[in-house]
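Protein chains: 2
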Amino acid sequence: MSLELTPVEAAACCSPLARQPLSESEAEGIAPLLKALADPVRLRLMSIVASHEGGEACVCDLNDAFELSQPTISHHLKILHEAGLLDREKRGVWVYYRARAEALQNLAALIGGQAQ
Amino acid sequence: MSLELTPVEAAACCSPLARQPLSESEAEGIAPLLKALADPVRLRLMSIVASHEGGEACVCDLNDAFELSQPTISHHLKILHEAGLLDREKRGVWVYYRARAEALQNLAALIGGQAQ
DNA sequence: TGTAAATATTTACATGTGTCTATGTCTTGC
DNA sequence: GCAAGACATAGACACATGTAAATATTTACA
Numbered sequence: 010m011s012l013e014l015t016p017v018e019a020a021a022c023c024s025p026l027a028r029q030p031l032s033e034s035e036a037e038g039i040a041p042l043l044k045a046l047a048d049p050v051r052l053r054l055m056s057i058v059a060s061h062e063g064g065e066a067c068v069c070d071l072n073d074a075f076e077l078s079q080p081t082i083s084h085h086l087k088i089l090h091e092a093g094l095l096d097r098e099k100r101g102v103w104v105y106y107r108a109r110a111e112a113l114q115n116l117a118a119l120i121g122g123q124a125q
Numbered sequence: 010m011s012l013e014l015t016p017v018e019a020a021a022c023c024s025p026l027a028r029q030p031l032s033e034s035e036a037e038g039i040a041p042l043l044k045a046l047a048d049p050v051r052l053r054l055m056s057i058v059a060s061h062e063g064g065e066a067c068v069c070d071l072n073d074a075f076e077l078s079q080p081t082i083s084h085h086l087k088i089l090h091e092a093g094l095l096d097r098e099k100r101g102v103w104v105y106y107r108a109r110a111e112a113l114q115n116l117a118a119l120i121g122g123q124a125q
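Residue numbers (our numbering), protein chains in the order written: chain E, 10 to 125; chain S, 10 to 125.
If you want it as structure tokens, here you go:
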């Protein structure tokens with residue numbers, strides 16, 4: 010296990026934005042998580058996976074939802090996975106991605122949490 | 010008033026990520042808002058402004074909080090303002106930025122909202 | 001073993017982004 | 001009116017990012 014925090018772990022550690030100024034290192038930890046979400050394709054990927062029955066979806070389904078090449082979808086899924094927003098599980102030939110609900114909720118709390 | 014929605018307005022219009030898949034146009038509306046936040050300097054700017062007394066801060070204060078040039082801070086503030094996350098008001102020689110709390114809360118609801 | 005299918009990796013490239021320097025625009029007070 | 005200060009804009013540059021084509025890897029199954 011690495012000493013580096015994943016972006017998701019970094020986001021879980023801070024009080025809400027509006028409560029007190031983020032430190033430089035806190036901000037540098039959280040920004041990559043927002044960056045991972047800040048793309049229309051990745052937003053839709055997250056949304057498709059998170060709203061899919063069972064909270065998971067196969068890459069084959071995801072490829073079909075976009076008019077983009079398979080490597081491009083694979084690239085975006087990797088970014089979401091490395092940010093800690095998607096879990097990855099291989100079952101046979103297929104790979105299933107699962108949304109990490111608590112990761113999204115931590116991020117939401119950081120952004121929208123009340124000042125006190 | 011323009012027919013274009015600001016990113017903040019686009020975010021207010023959608024059910025949570027995990028409830029149903031975002032449409033392409035919804036995702037394209039929301040991504041710029043996340044992009045605006047997805048930078049360490051802008052995250053700290055938002056946080057400093059939002060947590061400042063009165064919910065607003067003068068650019069002069071913000072410049073002092075970073076070891077960056079004044080135009081760079083001005084550039085980041087413009088991005089946050091155009092995304093709809095900061096309101097801008099000029100009073101005399103000084104410019105004050107104010108955090109739009111409901112914008113942050115709408116975004117948080119979109120990201121972290123429960124599936125049902 | 002070997003072939004096909006599902007997914008990932010590599011490489012390349014056009015475009016976007018963060019930063020600075022230089023300059024412009026307002027506002028205030030002399 | 002003019003000089004000084006606060007902030008914004010313009011231009012330039014290094015670097016990051018989204019995409020696709022080509023290729024590799026892994027798994028199942030005949």
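Glycine included, each C-beta is placed from N, C-alpha and C at the ideal position. This one's a predicted model, so the numbers in the text were calculated from it and none came from an experiment.
The beta-bridge partner set that DSSP reports for Val104 (chain S) consists of S:Lys99. Sequence-ordered contacts of the segment 48 to 66 of chain E with chain S read Asp48, Pro49, Leu52, Arg53, Met55, Ser56, Ile57, Ala59, Ser60 [C-beta pairs closer than 7 Å].
About 6 Å separates the beta carbon of Leu89 (chain S) from that of Leu54 (chain S), a gap short enough to meet the 8 Å contact definition. Between the alpha carbons of Ser24 (chain S) and Gly93 (chain S) lies a gap of roughly 19 Å.
For Gly64 (chain S), same chain residues with a beta-carbon under 6 Å away, outside a window of 5 residues either side, are Arg107, Ala108 in chain order.
The Cβ-Cβ distance between Ala74 (chain E) and Pro49 (chain S) does not fall below 8 Å. Where Cys69 (chain S) is concerned, there is no enclosing beta strand (DSSP E), although the alpha helix (DSSP H) around it starts and stops at 68 to 73. Our two residues, Ser83 (chain E) and Val102 (chain E), have alpha carbons roughly 15 Å apart in a direct line. Where Arg51 (chain S) is concerned, the enclosing alpha helix (DSSP H) starts and stops at 49 to 60.
When CB distances to chain S are screened at a threshold of 8 Å, not a single residue of the segment 80 to 107 of chain E falls below it. Contacts between Leu113 (chain S) and chain E, judged by CB atoms closer than 8 Å, involve Leu26, Ala27, Ile120, Gly121 in chain order. Rounded to whole angstroms, Glu98 (chain S) and Ala66 (chain S) show a C-alpha spacing of 10 Å.
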